[in-house]
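Taken in order, the sequence shown gives residues 875 to 971; the numbers are from the numbering used here. Accompanying notes for the structure given below.
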Amino acid sequence: MEFSQAETVRAEMDWEVARITYKSNTCTKRPRPPPKPQNAITIAVSSQALFDMVEERKIYEEQSLEKYVEYQQANKNVTLKPGPAFAFVKVVEHVNA
């Protein structure tokens, strides 16, 4: 799926707002108690959205599952780069913090 330039700019602006919100919420004066379970919201985010896994996906799709597993094992100590949903998750972490 391809996005228009306007959609891309809008998405970048949304993420910038999320980053600013995250930065402004990281300096709370005192910790609040955790939210009550009946008020909790569960948000599921795929690992491919949370982390930049383009190279890994190419290996899986173009080579084989075995090559993908070998690559993952060989790079298990390499920190993944943040993906498109990373900033969003960081902001959501602080909603109830």
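Glycine residues also receive a C-beta, built at the ideal position from the N, C-alpha and C atoms. Please read all numbers here as calculations on a predicted model, not as lab measurements.
Practice task
Report the rounded CA-to-CA distance for Glu940 versus Glu929, giving the unit in angstroms.
Solution key: Residue numbering aside, residue 940 sits at position 66 when the sequence shown is read from its first letter. Residue numbering aside, residue 929 sits at position 55 when the sequence shown is read from its first letter. Taking the straight line joining both Cα atoms gives about 15 Å.
Problem - Pick from Asp926, Ala961, Glu890 and Arg931 that is closest to Leu954, judged by C-alpha positions - result: The residue given as residue 954 occupies position 80 in the sequence shown. Checking every option, the nearest Cα to that of Leu954 belongs to Asp926.
Practice task
Name the one or two DSSP bridge partners that Val925 has.
Solution key: Residue 925 sits at position 51 when you count from the first residue of the sequence shown. Strictly speaking, residue 925 in this sequence is Phe, with Val absent from that position. Looking at the DSSP assignment, Phe925 forms a beta bridge with Pro956.
Practice task
Count the CB pairs spanning the region 906-922 and the region 951-968 that are closer than 8 Å, and state whether there are at least three.
Solution key: yes
Handout entry: Which of helix, strand or coil DSSP assigns to Gln937
Key = The sequence position of residue 937 within the sequence shown is 63, counting from 1. Looking at Gln937 - three-state DSSP - the assignment turns out to be coil, as it is neither helix nor strand.
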